[in-house]
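Chemist: If you scroll down you'll find the structure; I have some questions about it.
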Amino acid sequence: MHRVFQNKTAIFLFVFPGMLLFALTFLAPIVLSGYYSFTETVGPGTKVTMVGWENYANLLFHDPKFWLALRNAVLLGIGFIVIQHPICIFFAVLLDRIGGKAEKVFRTIFFIPCVISVVVISKMWLSLLDPTFGLLNKVLDVLGLDMLKHAWLGESSTALGSMLFILIWAGFGWGLLFYYAGVKGIPEDLYEAASLDGASGLKLHLRITVPLLSPVIAVQVTLAMITALKQMETVFLTTNGGPGDSTQFLAVYLYNKAFSASQYGYANAISILFVIVCLIATYLSNRFIRSDATEY
Amino acid sequence: MTKQSRLARATLLTAAIATVAALSACGGSNDGNSAANGGGGGGEGKVTLRLFSNLPDRKSGQGLAEQTVIDNYVKENPNVKIDVETLAEEPFKNKLKAYMSSNEPIDITMVHGGAELNTLVQAGYVKELDPKQYEGEQYNFLPGVYKSFTFDGKLYGLPRNSDYEVIYYNKKLFEDNGVKVPTTFAELLDAAKAFRDKGIAPMSINGKDLWSFGEMFQNVVQRYSGDQNLILDAVDKKKKFTEDENFLKAAQFLQQVRDAKMFQDSFMTADYGASQNLFTQGKAAMWYMGSWEAGMATNESLPEEFRQNLGVVQFPIAEDGKGKIDDLLAWNGGGYALVSSSKHPEEAKKFFDYLMSANQWAKTAWDTGAAVPAQKYELTGKESEVQKKLTDILVNASSTAGASFIDYGTPKYKDDTQNAFGKFFSSSAKPEQLLADLQAAADTQ
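In the order they appear, the protein sequences are chains H and F.
For the first sequence, counting from 1, position 259 maps to 258 in numbering that gives the first Met the number 0; every step adds exactly one.
For the second sequence, counting from 1, position 314 maps to 313 in numbering that gives the first Met the number 0; every step adds exactly one.
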């Protein structure tokens with residue numbers, strides 16, 4: 000068998016089907032997309048006119064919506080990293096400390112949002128945040144905080160904030176799961192040694208837990224940036240980028256350009272830039288957060 | 000050792016070939032399926048036609064009417080089987096474009112006149128029809144209904160309904176609160192204030208879908224100018240949104256509508272269903288929608304009390320405008336077309352003609368109260384109040400628009416225009432800004 004794996008033909012035959020699949024389902028669409036991004040067409044099968052770099056020029060220099068969508072995606076990414084992840088780490092540590100039966104119960108509860116379908120989550124939040132029947136406004140009413148009432152997802156001023164909140168809430172369970180697994184991997188004796196040396200409370204976790212979680216954090220930050228850029232379903236199902244353009248995200252904008260406005264060429268240009276932005280984001284987050292494998 | 004490696008190599012080769020074969024079989028199997036479907040047609044004279052429709056509910060309203068005609072046809076033509084594929088509105092539009100790009104051999108499809116159909120025409124996916132063939136008694140189409148289905152003077156589909164915008168209202172809410180059903184813009188604004196004071200949403204609208212804003216703007220422009228063609232000319236760039244004062248007046252009125260909080264609080268996140276629910280549950284006094292909702296009056300799944308209190312009224316007039324109450328924002332949006340890549344063009348055409356006959360779709364849709372047809376129909380005497388009123392509105396119309404202006408340009412124009420309204424209604428933008436955006440949309444289409 001050993002010789003089989005040294006045989007070049009054999010290696011080729013093993014790898015070929017996978018590569019073929021990759022080429023057909025990943026590379027080919029991207030190449031085609033690249034081609035269409037230089038054209039103007041209302042849809043496949045219709046007249047295709049080459050327009051050169053025009054789509055890109057319009058996109059980069061004359062399309063504030065594109066930049067708005069990108070800004071919102073970056074804001075979401077920052078929201079994930081600055082708000083969601085610290086909370087995730089905090090709860091991961093708490094879970095680990097609680098122990099026993101309660102640990103399992105809470106672990107399950109925290110993970111529930113990740114099990115529910117995106118459609119259900121979207122519809123649920125639409126109802127919760129509804130200005131007339133929504134739970135949130137009703138609660139504010141009862142508390143006598145009427146002036147804080149809003150049409151949360153329906154007003155330009157509060158829509159983006161509400162949207163970020165929903166997305167951060169919905170992704171919380173996944174983040175927690177990763178950090179929890181990370182925390183579980185830290186050997187107990189390290190904590191014992193540290194507390195013998197006089198570290199306790201917050202200091203203990205800042206000096207021991209967080210540094211030892213750095214490989215997980217590195218992966219998570221990359222994933223968070225990509226998730227933020229790719230965000231589509233929840234926005235599409237709740238506000239569809241509105242009101243106005245206040246919750247416009249790249250993927251939703253791309254979809255609407257292709258399927259509502261029938262600007263296939265333009266939408267393909269967006270998708271190519273989208274791929275490039277994702278690659279840059281991945282590269283940067285990998286670059287700045289070196290994950291040196293820790294050995295215990 | 001050599002034996003073993005030969006065996007291993009043989010296994011590997013077989014596996015690899017099998018994989019490739021399996022992969023290529025995946026690609027080929029589609030052809031196999033459709034060939035099998037089509038083959039059924041040739042052999043024993045049994046034909047399977049494929050119909051693609053945007054009416055997933057086959058038990059009530061227009062879906063029931065469509066299914067009834069299909070059942071009638073199959074009964075009369077036992078050699079024909081009709082496979083119906085249905086999707087809700089937005090997914091339907093997207094899948095139809097996917098079908099278009101892969102030249103899927105369906106036989107008959109529902110189409111939206113105007114921008115959407117134009118794309119299909121450009122792709123050569125729908126067949127040209129001969130308008131002469133559809134003249135006369137058998138079809139009885141009302142005059143001027145082909146407008147949204149005609150491109151470069153050629154006809155590509157037939158309309159199934161007369162679509163026109165009206166205001167549905169809840170009689171009980173108006174009576175209980177002592178509010179007058181509005182016939183003028185001032186009364187409409189008064190009604191908004193009166194209902195707001197009582198904590199009731201004055202008017203429900205599907206703001207997330209955006210298009211209703213466009214219809215309302217067209218309605219208002221006509222009420223000021225008295226000219227149905229003005230706004231269509233602006234789309235054609237023969238007039239300017241930013242120059243004609245009727246557009247400015249209309250935009251200023253929309254600003255008043257916005258400031259009076261005419262629409263429900265959640266209007267920007269409300270899709271079609273959500274806006275309808277609010278109204279049918281008696282939480283909103285009015286619903287701005289089209290004649291295709293005539294079926295609400297006979298829909299058993301809606302509360303009895305609501306159905307008895309359902310009223311319908313024309314869009315109000317401007318006190319200082321030239322438009323009359325009988326000028327109707329009517330057009331023909333939905334319809335059917337024959338697909339070019341059909342495997343059974345003759346059988347498909349036969350069914351298509353049957354479907355569009357005045358005594359099939361038009362009669363069935365009217366008798367079941369599902370919609371107001373684009374063809375002449377006869378009153379049966381069993382109509383609901385809402386149907387009678389809708390008929391009156393249509394029959395007494397002194398002029399009709401013929402097209403909805405958002406569908407009068409390219410798909411990009413529609414998208415940009417709708418977004419301009421979305422921006423306007425969700426912010427405190429000035430009317431002049433709205434007009435500038437509308438003009439920009441017309442200029443860059």
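Yeah, the Cβ is synthetic: ideal placement off N, Cα and C, and Gly gets one too.
(1) Need the endpoints of the alpha helix (DSSP H) that ASP436/F sits in, please.
(2) With contact counted as at least three CB pairs below 8 angstroms, one residue from each stretch, are the segment 220-240 of chain F and the segment 433-443 of chain F in contact?
(3) Taking all protein chains shown into account, do 16 or more other C-beta atoms lie within 10 angstroms of the C-beta of VAL234/H, making it buried, or fewer, making it exposed?
(4) Under the rule that 16 or more other beta-carbon atoms within 10 Å means buried, what is ALA440/F, buried or exposed?
(5) Looking at the secondary structure, which residues open and close the beta strand (DSSP E) in which GLU84/F lies?
(6) Run down chain F in chain order and give the residues with a C-beta less than 7 angstroms from the C-beta of SER155/H.
(7) Among ARG96/H, SER156/H, GLY170/H, ILE86/H, which residue has its Cα nearest to the Cα of VAL117/H?
(8) So, are the CB atoms of LYS126/F and VAL338/F less than 9 angstroms apart?
(9) Would you verify that the beta carbon of THR131/H is, or is not, closer than 9 angstroms to some beta carbon of chain F?
(10) Distance cutoff 9 angstroms, beta carbons only. Does ALA200/F sit that close to anything in chain H?
(11) Going by CA-CA distance only, name the one from LEU75/H, ILE271/H, PHE90/H that's closest to THR208/H.
(12) Count the C-beta pairs between the segment 310-327 of chain F and the segment 82-99 of chain F that are closer than 8 angstroms, then say yes if the count reaches three, no if not.
(13) I believe GLY112/F touches PHE148/F by the beta-carbon criterion, under 8 angstroms. Please report the beta-carbon distance rounded to the nearest angstrom.
(14) If I follow the unbroken beta strand (DSSP E) through GLU164/F, where does it start and stop?
(15) What separation, rounded to the nearest whole angstrom, lies between the Cα atoms of ASP366/F and GLU164/F?
(16) Taking the alpha-carbon positions, what's the ILE88/H to SER126/H distance?
(17) Looking at chain H, is there any beta carbon in it that lies within less than 9 angstroms of the beta carbon of PRO142/F?
(18) May I have the straight-line CA-CA distance separating GLY156/F from SER403/F, to the nearest angstrom?
(19) Could you check if ASP129/H is buried or exposed, using at least 16 other CB atoms within 10 Å of its CB as the buried criterion?
(20) Please specify which runs of the beta strand (DSSP E), each continuous and at least 3 residues long, are wholly inside the segment 167-209 of chain F, giving them in chain order.
(21) I think SER274/F touches ASN169/F, with their Cβ atoms under 8 angstroms apart; what is that distance to the nearest whole Å?
(22) Buried or exposed: MET0/F, going by 16 or more other Cβ atoms within 10 Å of its Cβ?
(23) Does the beta carbon of GLY281/F sit closer than 9 angstroms to a beta carbon anywhere in chain H?
(24) Rounding to the nearest angstrom, what Cα-Cα distance links ASP319/F and TRP286/F in this structure?
(25) Could you check how far apart the C-beta atoms of SER194/H and LEU205/H are, in whole angstroms? I think they sit under 8 angstroms.
(26) Would you please verify whether the beta carbon of SER211/F is less than 9 angstroms from any beta carbon of chain H?
(27) Going along the chain, which residues of its own chain have a beta-carbon closer than 7 angstroms to the beta-carbon of LYS171/F, five neighbours each way excluded?
(28) Leaving aside the five residues before and after GLY143/F along the sequence, list all residues of the same chain whose C-beta is less than 8 angstroms from its C-beta, in chain order.
(29) Tell me where the beta strand (DSSP E) around VAL49/F begins and ends.
(30) For a cutoff of 9 angstroms on Cβ pairs, would you count ALA24/F as touching chain H?
(31) Whole angstroms are fine: how far does the CA of LYS349/F sit from the CA of ILE105/F?
(32) Compute the Euclidean distance between the alpha carbons of GLY177/F and GLU154/H, then round it to the nearest angstrom.
(33) For TYR145/F, count the other beta carbons within 10 Å of its own beta carbon; 16 or more makes it buried, fewer makes it exposed. Which is it?
(34) List, in order along the chain, the chain H residues whose C-beta lies closer than 7 angstroms to that of THR268/F?
(35) Near GLN5/H, which residues of its chain fall below 6 angstroms by C-beta distance, leaving aside the five closest residues on each side in sequence?
Modeler: Working from what's here:
(1) Position 437 of the second sequence, counted from the first residue, corresponds to residue 436/F. Residue range 430-442 is occupied by the alpha helix (DSSP H) that includes ASP436/F.
(2) The segment 220-240 of chain F, when compared against the segment 433-443 of chain F, does touch it at the 8 angstroms Cβ threshold.
(3) Here residue 234/H refers to the residue found at position 235 when the first sequence is read from its first residue. Only buried fits VAL234/H, as 16 or more other CB atoms lie within 10 angstroms of its CB.
(4) Your numbering for residue 440/F matches position 441 in the second sequence. Its Cβ being crowded by 16 or more others within 10 Å, ALA440/F is buried.
(5) As a first step, residue 84/F is located in the second sequence; it is residue number 85 there, counting from the start. First-last of the beta strand (DSSP E) with GLU84/F: 79-85.
(6) Along the first sequence, one-based indexing puts residue 155/H at 156. Chain-ordered, the chain F residues with CB closer than 7 angstroms to the CB of SER155/H read SER425, SER426.
(7) For the purposes of this step, residue 117/H is taken as the residue at position 118 of the first sequence. The shortest Cα separation from VAL117/H among ARG96/H, SER156/H, GLY170/H, ILE86/H belongs to GLY170/H.
(8) Translated into positions along the second sequence, residue 126/F becomes position 127. Translated into positions along the second sequence, residue 338/F becomes position 339. Cβ distance < 9 angstroms, so LYS126/F and VAL338/F count as in contact.
(9) The residue given as residue 131/H occupies position 132 in the first sequence. Judged by the 9 angstroms Cβ criterion, THR131/H is in contact with chain F.
(10) Position 201 of the second sequence, counted from the start, is the residue given in the question as residue 200/F. So, interface residue.
(11) Counting from one through the first sequence, the residue named residue 208/H turns up at place 209. Per the Cα distances, PHE90/H.
(12) By the Cβ rule, the segment 310-327 of chain F does not count as touching the segment 82-99 of chain F, because fewer than three pairs are nearer than 8 angstroms.
(13) Numbered from 1 along the second sequence, position 113 holds the residue referred to as residue 112/F. Numbered from 1 along the second sequence, position 149 holds the residue referred to as residue 148/F. Between PHE148/F and GLY112/F the Cβ distance is about 5 angstroms, and since that is below 8 angstroms, they are a contact.
(14) Here residue 164/F refers to the residue found at position 165 when the second sequence is read from its first residue. For GLU164/F, the enclosing beta strand (DSSP E) has its first and last residue at 162-169.
(15) To locate residue 366/F, count along the second sequence from 1; it is residue 367. To locate residue 164/F, count along the second sequence from 1; it is residue 165. Using only the alpha carbons, I get a separation of about 21 angstroms.
(16) Counting from 1 along the first sequence, the entry for residue 88/H is found at position 89. Counting from 1 along the first sequence, the entry for residue 126/H is found at position 127. Straight-line spacing of the CA atoms in ILE88/H and SER126/H works out to 30 angstroms.
(17) Within the second sequence, the letter at position 143 stands for residue 142/F. It does not; no Cβ of chain H falls within 9 angstroms.
(18) By 1-based counting over the second sequence, the position of residue 156/F is 157. By 1-based counting over the second sequence, the position of residue 403/F is 404. Across the structure, GLY156/F and SER403/F are spaced so that their CA atoms are roughly 17 angstroms apart.
(19) Numbered from its first residue, the first sequence carries residue 129/H at position 130. Classification of ASP129/H: buried, given that the 10 Å Cβ count is 16 or more.
(20) Runs found: 200-203.
(21) Here residue 274/F refers to the residue found at position 275 when the second sequence is read from its first residue. Here residue 169/F refers to the residue found at position 170 when the second sequence is read from its first residue. Actually they are not in contact, since the Cβ atoms of SER274/F and ASN169/F sit about 14 angstroms apart, beyond 8 angstroms.
(22) In the second sequence, residue 0/F corresponds to position 1, counting from 1. Legend: pLDDT at MET0/F = 42, less than 50; position of this residue unreliable, no value from coordinates given.
(23) For this step, residue 281/F is matched to residue 282 along the second sequence. At a cut-off of 9 angstroms between C-beta atoms, GLY281/F does not count as an interface residue with respect to chain H.
(24) Along the second sequence, read from residue 1 onward, the residue named residue 319/F stands at position 320. Along the second sequence, read from residue 1 onward, the residue named residue 286/F stands at position 287. Computed Cα separation, rounded: 25 angstroms.
(25) Within the first sequence, the letter at position 195 stands for residue 194/H. Within the first sequence, the letter at position 206 stands for residue 205/H. With 8 angstroms as the limit, SER194/H and LEU205/H do not qualify as a contact, their Cβ atoms being about 14 angstroms apart.
(26) Here residue 211/F corresponds to residue number 212 of the second sequence, with the count starting at 1. It does not; no Cβ of chain H falls within 9 angstroms.
(27) Position 172 of the second sequence, counted from the start, is the residue given in the question as residue 171/F. Only ASN308 meet the Cβ criterion.
(28) Here residue 143/F is taken as the residue at index 144 of the second sequence, counted from 1. Result list for GLY143/F: THR399, GLY401, in chain order.
(29) The sequence position of residue 49/F within the second sequence is 50, counting from 1. Here the sequence assigns Arg to residue 49/F, which means Val is not the residue at that position. Note, ARG49/F: beta strand (DSSP E), 46-52.
(30) Taking the second sequence and counting its residues from 1, one reaches residue 24/F at position 25. Because ALA24/F sits at a pLDDT of 43, beneath the cut-off of 50, its placement in the model cannot be relied upon, and the point is left open.
(31) The residue given as residue 105/F occupies position 106 in the second sequence. The residue given as residue 349/F occupies position 350 in the second sequence. Going by the C-alpha atoms only, they are around 15 angstroms apart.
(32) Along the second sequence, read from residue 1 onward, the residue named residue 177/F stands at position 178. Along the first sequence, read from residue 1 onward, the residue named residue 154/H stands at position 155. Taking C-alpha positions only, GLY177/F is separated from GLU154/H by approximately 31 angstroms.
(33) Mapped onto the second sequence, residue 145/F falls at position 146. A buried status is given to TYR145/F, since no fewer than 16 other beta-carbon atoms sit within 10 Å of its beta-carbon.
(34) The count along the second sequence starts at 1 and reaches residue 268/F at position 269. Correct list: LEU125, LEU152, GLY153, THR237, THR238.
(35) Within the first sequence, the letter at position 6 stands for residue 5/H. Nothing meets the Cβ criterion.
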